Amino acid sequence: MMDTFNQLLAGFATAGTPINLLWAFAGCALGTAIGVLPGLGPAVTVAMLLPITGQVEPTASMIFFAGIYYGAMYGGSTTSILLNTPGETGTMVTALEGFKMAKSGRAGAALASAAIGSFVAGTIATILVTLFAPMLAEFAVKLGPPEYFCLMLLAFTTVSAVLGQSTLRGLTALFFGLALGLIGIDQITAQVRYTGGILEFMDGIEVVLVAVGLFAVAEALYNALYEGRSEASMNKMNKAHMTRSEWRRSWPAWLRGTAIGFPFGTIPAGGTEIPTFLSYATERKLAAPEHKAEFGTTGAIEGVAGPEAANNAAVTGTLVPLLTLGIPTSVTAAILLSALQNYGINAGPQLFQTSSALVWALIASLYIGNVMLLVLNLPMVGLWVKLLKIPRPQLYAGILIFATVGVYGMRQSAFDLFLMYGLGLLGVVMRRYDFPTAPVIVGLILGPMAEAQMRNALSIGEGSFMVFLQRPMSATLLAVVLVVLVLPRLLARLKGSAAS
Amino acid sequence: MNPSPQANAAAPDHRPGQLAMGIGALIVAAVLAYGAAAIPSDAGYAGVGPDFLPWVVSAALAICGVMLIWEVRTGGYRHMEEPSGAARGDWRALAWVSAGVLLNAALITTIGFILSCALCFALAVRGLRASEGKPIGNLRQTVKDAVTGIVIAAPVYWLFTKLLAVNLPGITASGWI
Numbered sequence: 001m002m003d004t005f006n007q008l009l010a011g012f013a014t015a016g017t018p019i020n021l022l023w024a025f026a027g028c029a030l031g032t033a034i035g036v037l038p039g040l041g042p043a044v045t046v047a048m049l050l051p052i053t054g055q056v057e058p059t060a061s062m063i064f065f066a067g068i069y070y071g072a073m074y075g076g077s078t079t080s081i082l083l084n085t086p087g088e089t090g091t092m093v094t095a096l097e098g099f100k101m102a103k104s105g106r107a108g109a110a111l112a113s114a115a116i117g118s119f120v121a122g123t124i125a126t127i128l129v130t131l132f133a134p135m136l137a138e139f140a141v142k143l144g145p146p147e148y149f150c151l152m153l154l155a156f157t158t159v160s161a162v163l164g165q166s167t168l169r170g171l172t173a174l175f176f177g178l179a180l181g182l183i184g185i186d187q188i189t190a191q192v193r194y195t196g197g198i199l200e201f202m203d204g205i206e207v208v209l210v211a212v213g214l215f216a217v218a219e220a221l222y223n224a225l226y227e228g229r230s231e232a233s234m235n236k237m238n239k240a241h242m243t244r245s246e247w248r249r250s251w252p253a254w255l256r257g258t259a260i261g262f263p264f265g266t267i268p269a270g271g272t273e274i275p276t277f278l279s280y281a282t283e284r285k286l287a288a289p290e291h292k293a294e295f296g297t298t299g300a301i302e303g304v305a306g307p308e309a310a311n312n313a314a315v316t317g318t319l320v321p322l323l324t325l326g327i328p329t330s331v332t333a334a335i336l337l338s339a340l341q342n343y344g345i346n347a348g349p350q351l352f353q354t355s356s357a358l359v360w361a362l363i364a365s366l367y368i369g370n371v372m373l374l375v376l377n378l379p380m381v382g383l384w385v386k387l388l389k390i391p392r393p394q395l396y397a398g399i400l401i402f403a404t405v406g407v408y409g410m411r412q413s414a415f416d417l418f419l420m421y422g423l424g425l426l427g428v429v430m431r432r433y434d435f436p437t438a439p440v441i442v443g444l445i446l447g448p449m450a451e452a453q454m455r456n457a458l459s460i461g462e463g464s465f466m467v468f469l470q471r472p473m474s475a476t477l478l479a480v481v482l483v484v485l486v487l488p489r490l491l492a493r494l495k496g497s498a499a500s
Numbered sequence: 501m502n503p504s505p506q507a508n509a510a511a512p513d514h515r516p517g518q519l520a521m522g523i524g525a526l527i528v529a530a531v532l533a534y535g536a537a538a539i540p541s542d543a544g545y546a547g548v549g550p551d552f553l554p555w556v557v558s559a560a561l562a563i564c565g566v567m568l569i570w571e572v573r574t575g576g577y578r579h580m581e582e583p584s585g586a587a588r589g590d591w592r593a594l595a596w597v598s599a600g601v602l603l604n605a606a607l608i609t610t611i612g613f614i615l616s617c618a619l620c621f622a623l624a625v626r627g628l629r630a631s632e633g634k635p636i637g638n639l640r641q642t643v644k645d646a647v648t649g650i651v652i653a654a655p656v657y658w659l660f661t662k663l664l665a666v667n668l669p670g671i672t673a674s675g676w677i
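So the sequences go chain by chain: Y and W. Residue numbers for the first sequence follow the working numbering, so the first one is 1 and each next one is one higher. Residue numbers for the second sequence follow the working numbering, so the first one is 501 and each next one is one higher.
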């Protein structure tokens, strides 16, 4: 414990240097901005900025990227409350009550509860990361290829079967992502696969390219094609302020939201959607009788406080599997992983030993970043709201410029820009027919890693698949995979009762 | 999100598109299988070689494709969320935005990042404006859009080439335009 504390202090020393503070601030501000803006998420933004890994040193850029990641969650709630179009998927539930609160003139209270709740949850979750991540890393060192493969299998299952509406469409998206991951040179035998003689395919398909195409370009194309006539009305802002009774109603919801959100972030069950829905359902059930009527009518503050805390806790929680196991459980985490790979840093249990300075500076910067974001989002919320005034055509056309920088800057190939357009079209039809896109990204980045682990595991088992069942840990994990396939049916019911 | 009966009547039939997605999955599966057949299966100690996962993914996608098509044949996709936005696509708007992105891809190495992106911006803005049902812009507006594009693209270009040493194409070797 003392050891952890000392390392954290050292982390603060690194993160507290003026240059790193500046990176943290830039990340938080940029994160808030893209969270507020519809059409740009943290994943795409980090993806587009990946070329900076060529120039900026690892600690600074990870602090910067992490700031973008959780800053987006703060900013997303602002859009959900004022515009009713969630800026982020994790802030979808916030729109349910937050928008209604704003409509009945309580926008300020909703914004305050969201920002302070995010701060409380983010800080508690960071403390939990500080305490548990090193312990988990120590344990994870003992895991072998069979266990890793099963963990990745679990991540695949949860991201494709649990998120989204349909398991079938989720799995289709996942296998498409795995197919994209097959292109290039096989890690183990150096066998060339699926390049069709095209030189650009030799290095494989970059996750940046797929993320930017599938999210940013698809968003612009979808908007031109279908969303032109959708009118969005904006709620009136007022001063971000909570009354005494609103404080009293908010804080238990923040704590419950954190308790629900953090575990969901840490297990490879990915995503912020489920914990926010769960938190919303809980708050609705636990609300005092005199406030129950506010749910779905004038807007209940608990319905903003809980989910907002849950999504921030979950986002921070996803750093645990990323840093200790090298397994990303969300799209943004997947892209953070590829940022680490750009530096030749292998995320995994050894990270706490080999790059301990980086990890602890990153964790320390989370504490600092949360404070910055509280300031950025409470007194300065009016500034961000101005971003919502950018006209839609200019906004999406501008996004295309940034998409070009990210994709072309990666390896200076115009071929990639054509590919980006193709993936953009794919993103449009996937959205139109309700296929989730996150499994494509997770499949693409985890696929090659999972394949290598599987083949190494089979080598240990001398070619027998029994190796996965003979080891207690991996057998347990396989059982969990089965449970996860059953659980969503249960959750769907919960979700249904929350929506009605 | 229950659409009223009238809205339902006006809602487009998504099934042809859904069917196309299913067929698309089958085509990808077939391509994967065709490619997998050409990959050697040297397994070494592992028992499975580099062609193992390709076959698994191909088979899985084929199953997904068949099941998607089965869902379409039996009434359409299950648990479908009605997609956001208009029932009918605005293809003219899409064409403008597509032209922007594709011309950018085709011209970026010849006319440089800034001009190419400004062109992309101007074309995309036209398309997006058209999708809102507004006039897409006369000559004056177009010039204004192009200038806006340059004003966005140029600082980005300088930031990335000068500060971050990321290679982006220019017309001159100076790194300024």
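A virtual CB, placed ideally from N, CA and C, is assigned to each residue, including glycine. Quick caveat: nothing in here was measured; it's all calculated off a predicted structure.
Residues of chain Y with a Cβ closer than 8 Å to the Cβ of R515 (chain W) do not exist, since the nearest Cβ in that chain sits about 10 Å away.
Under a criterion of Cβ atoms nearer than 7 Å, no residue of chain W is adjacent to I363 (chain Y); the nearest Cβ is some 26 Å distant. For L83 (chain Y), the uninterrupted alpha helix (DSSP H) run begins and ends at 58-83, by DSSP.
Residues of the region 196-210 of chain Y with a C-beta atom less than 7 Å from some C-beta of chain W do not occur. In this structure, the alpha-carbon of L526 (chain W) lies about 5 Å from that of G565 (chain W). G670 (chain W) has its alpha-carbon roughly 41 Å from the corresponding atom of G517 (chain W). Shown here for P134 (chain Y): same chain residues with a beta carbon closer than 7 Å to its own, the five before and five after excluded, namely T4, F352 in chain order.
V481 (chain Y) and Y577 (chain W) have their C-alpha atoms some 25 Å from each other. By the rule that beta-carbons nearer than 8 Å mark a contact, V651 (chain W) does not touch chain Y. At a cut-off of 8 Å between beta carbons, Y396 (chain Y) contacts chain W. In this structure, L8 (chain Y) lies away from T189 (chain Y), with their beta-carbon atoms at least 8 Å apart. By the Cβ-count criterion, H514 (chain W) is buried, with 16 or more other Cβ atoms from all chains shown falling within 10 Å of its own Cβ.
When the beta-carbon positions are compared, F215 (chain Y) and V93 (chain Y) stay at least 8 Å from each other. One thing to note: W384 (chain Y) has its Cβ within 8 Å of the Cβ of T78 (chain Y). For the C-beta of V548 (chain W), the chain Y residues within less than 7 Å are, from N- to C-terminus, R455, L458. Around Q55 (chain Y), the beta-carbon contacts reaching into chain W at under 7 Å are L664, A665.
The CB of Q412 (chain Y) comes closer than 7 Å to the CB of N667 in chain W, given here in chain order. By the beta-carbon neighbour count (other beta carbons within 10 angstroms, threshold 16), R193 (chain Y) is buried. Proximity of S584 (chain W) to chain Y, defined by a Cβ-Cβ separation below 8 Å, is satisfied. Against chain W, the CB of S166 (chain Y) has a partner CB under 8 Å away; the residue lies at that interface. Under the 8 Å criterion on CB atoms, Q641 (chain W) is classed as non-interfacial with respect to chain Y. Counting other Cβ atoms within 10 Å of its Cβ, V486 (chain Y) stays below 16 and is therefore classed as exposed. In the DSSP annotation of this structure, the continuous segment of the alpha helix (DSSP H) that includes A452 (chain Y) starts and ends at 438-460. If you compare the alpha carbons of Y:P146, Y:K142, Y:A110 with that of T243 (chain Y), the shortest gap goes to Y:A110. Cβ-Cβ distances below 7 Å link A654 (chain W) to I614 in the same chain, with the five nearest sequence neighbours on each side left out; the list follows chain order. In chain order, L628, E632 make up the part of chain W whose C-beta sits under 8 Å from the C-beta of R392 (chain Y). Against chain W, a Cβ distance below 9 Å from R229 (chain Y) picks out G585, A586, D590, S631, E632, G633. Not a single C-beta of chain W is nearer than 8 Å to the C-beta of R284 (chain Y). G398 (chain Y) sits in a helix when the DSSP states are folded into three classes. Note on the region 258-290 of chain Y: whole alpha helix (DSSP H) runs with a minimum of 4 residues are 273-286, in chain order. Neighbours of L602 (chain W) in chain Y, taken as residues at a C-beta separation under 9 Å, are given in chain order as L417, F418, Y421. At a C-beta separation below 8 Å, F176 (chain Y) has these neighbours in chain W: A525, V528, L561. Residue environment: A537 (chain W) is assigned as exposed (fewer than 16 neighbouring CB atoms within 10 Å of its CB, all protein chains considered). For I569 (chain W), the three-state secondary structure derived from DSSP is helix.
Annotation for E147 (chain Y): the continuous alpha helix (DSSP H) segment containing it runs 145-157.
Look at the beta carbons and you see the region 424-436 of chain Y not touching the region 529-546 of chain W: under three pairs across the two are nearer than 8 Å.
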